[in-house]
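Novice:
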Amino acid sequence: MRGPVLILGGRSDIGLAVAHRFAARGHPVQLAARDVGRLAADKADLELRHGVTVTLHSFDVLDTASHPQFVDGLTPLPQIAVSAIGVLGDQTRDEGDADAATLVLRSNFEGPALILAALANRFEERGSGMLIGISSVAGDRGRARNYIYGAAKAGFTAFLSGLRNRLAARDVRVITVLPGFVATRMTAGMPLPAWLTATPAEVATAIDRAVRWRRNVVYVRPVWWLIMAIIRALPEPLFKRMKI
Ligand SMILES: NC(=O)c1ccc[n+]([C@@H]2O[C@H](COP(=O)([O-])OP(=O)(O)OC[C@H]3O[C@@H](n4cnc5c(N)ncnc54)[C@H](OP(=O)(O)O)[C@@H]3O)[C@@H](O)[C@H]2O)c1
Numbered sequence: 024m025r026g027p028v029l030i031l032g033g034r035s036d037i038g039l040a041v042a043h044r045f046a047a048r049g050h051p052v053q054l055a056a057r058d059v060g061r062l063a064a065d066k067a068d069l070e071l072r073h074g075v076t077v078t079l080h081s082f083d084v085l086d087t088a089s090h091p092q093f094v095d096g097l098t099p100l101p102q103i104a105v106s107a108i109g110v111l112g113d114q115t116r117d118e119g120d121a122d123a124a125t126l127v128l129r130s131n132f133e134g135p136a137l138i139l140a141a142l143a144n145r146f147e148e149r150g151s152g153m154l155i156g157i158s159s160v161a162g163d164r165g166r167a168r169n170y171i172y173g174a175a176k177a178g179f180t181a182f183l184s185g186l187r188n189r190l191a192a193r194d195v196r197v198i199t200v201l202p203g204f205v206a207t208r209m210t211a212g213m214p215l216p217a218w219l220t221a222t223p224a225e226v227a228t229a230i231d232r233a234v235r236w237r238r239n240v241v242y243v244r245p246v247w248w249l250i251m252a253i254i255r256a257l258p259e260p261l262f263k264r265m266k267i
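Position 173 (the sequence shown) corresponds to 196 in our numbering; numbering is contiguous.
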């Protein structure tokens, strides 16, 4: 039997698409979210469609003191853990609102990094497992339009990189996912260009491939790798004149 997959951010559009992909491959699913009461229909849908067991786990990533107890409550310990947690914030508002900026920084970096760290230690002890972190191309270079969210994602990307490096010899894999734009609740109402915008199902397919092809860092639409390589290469004097 395939091992359980834990989805942190179990109500997220991307998280649920990933849950369906793993369930279709026969993995039991553990959905962790702040409000598990709203996941009853998704649990029933996953179980009915894929014939796997789905369990619901109450989880707030910002309540870092509860992380050890949360991990203890996962029986069995998952084989794969996916973090699909994130808060986009509002860059303009957050520049002048320290509390709102803190929420973005903690929700995208501190919280996800610490819960994956706790799981990593358990996986290392066991000698197997896989951690999948959904980060963002926004972390590839700080830009005026979204540098608070981008800085948090940059921290998360660096954290995943270090974790991967540390665990490479221990049979615990770490995959970093950089989705580019995705049409979800997070981006609802934003005028996103279709050619740069993936569906949650595409993200799930990219993750499924990364698992099978033993990839480490995945740009969901490969064009984003090129775009971000160009953006990273722009010299500061030119970059400062651009509002991207
Ligand atoms: N959409 C995009 O264009 C895009 C692009 C790049 C990266 N991403 C990343 O992809 C991941 C999934 O996002 P999405 O697009 O699927 O958006 P989403 O549907 O808004 O999912 C974000 C999830 O984060 C959860 N969350 C926020 N704060 C939390 C907390 N304190 N404790 C537990 N869960 C918390 C939310 O929980 P509730 O359901 O309780 O609100 C929600 O389920 C995020 O990491 C996001 O940053 C998205």
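Don't be surprised by glycine CBs; every beta carbon is placed ideally from N, CA and C.
(1) Just curious, the alpha helix (DSSP H) that residue 41 is in, first and last residue?
(2) Please name the residue, chosen from 242, 220, 87, that lies closest to residue 129 on a Cα-to-Cα basis.
(3) Below 8 Å between beta carbons: does that hold for residue 105 and residue 41?
(4) Would you identify the three-state DSSP class for residue 153, choosing helix, strand or coil?
(5) Going by the beta-carbon positions, is the gap between residue 56 and residue 34 smaller than 8 Å?
(6) Is there at least one non-hydrogen atom of ligand 1 closer than 7 Å to the beta-carbon of residue 107?
(7) Just the Cα atoms here: how many angstroms apart are residue 109 and residue 163?
(8) Is the beta carbon of residue 267 closer than 8 Å to that of residue 145?
(9) Restricting to Cα atoms, I'd like to know which of 101, 94, 38, 36 is closest to residue 50.
(10) Here's the rule I'm using: 16 or more other beta-carbon atoms within 10 Å means buried, otherwise exposed. How should residue 265 be labelled?
(11) Count the other CB atoms, across all protein chains shown, that sit within 10 Å of the CB of residue 134; report buried if there are 16 or more and exposed otherwise.
(12) Would you mind sorting residue 36 into buried or exposed? The rule is 16 or more other CB atoms within 10 Å of its CB.
(13) For residue 158, I'd like the list of residues in its chain whose CB is within less than 7 Å of its CB, leaving aside the five on either flank, ordered along the chain.
(14) Does at least one heavy atom of ligand 1 sit under 7 Å from the Cβ of residue 181?
(15) Given residue 94, which residues of its chain have a CB within under 7 Å of its CB, disregarding the five upstream and five downstream residues?
Specialist: Based on what the coordinates show:
(1) Counting along the chain, the alpha helix (DSSP H) containing residue 41 begins and ends at 36 to 47.
(2) For residue 129, the nearest C-alpha among the options comes from 87.
(3) The answer is yes: Cβ separation under 8 Å.
(4) Correct three-state label for residue 153: strand.
(5) The answer is yes: Cβ separation under 8 Å.
(6) Correct: residue 107 has its Cβ closer than 7 Å to ligand 1.
(7) Rounded to whole angstroms, residue 109 and residue 163 show a C-alpha spacing of 16 Å.
(8) No, the pair does not count as a contact, with Cβ atoms beyond the cut-off.
(9) If we check each option's Cα against that of residue 50, 101 comes out closest.
(10) Residue 265 is exposed by the Cβ-count criterion.
(11) Answer is buried; the Cβ neighbour count reaches 16.
(12) Counting the other Cβ atoms within 10 Å of the Cβ of residue 36 gives 16 or more, which makes it buried.
(13) Beyond the five residues adjoining it in sequence on each side, residue 158 comes within less than 7 Å, by CB distance, of 176, 179, 180, 183, 199, 200, 201 in the same chain, given in chain order.
(14) Between ligand 1 and the CB of residue 181, the shortest heavy atom gap is not smaller than 7 Å.
(15) Excluding five sequence positions before and after residue 94, the CB atoms of its chain that fall closer than 7 Å to its own CB belong to 141, 142, 145, given in chain order.
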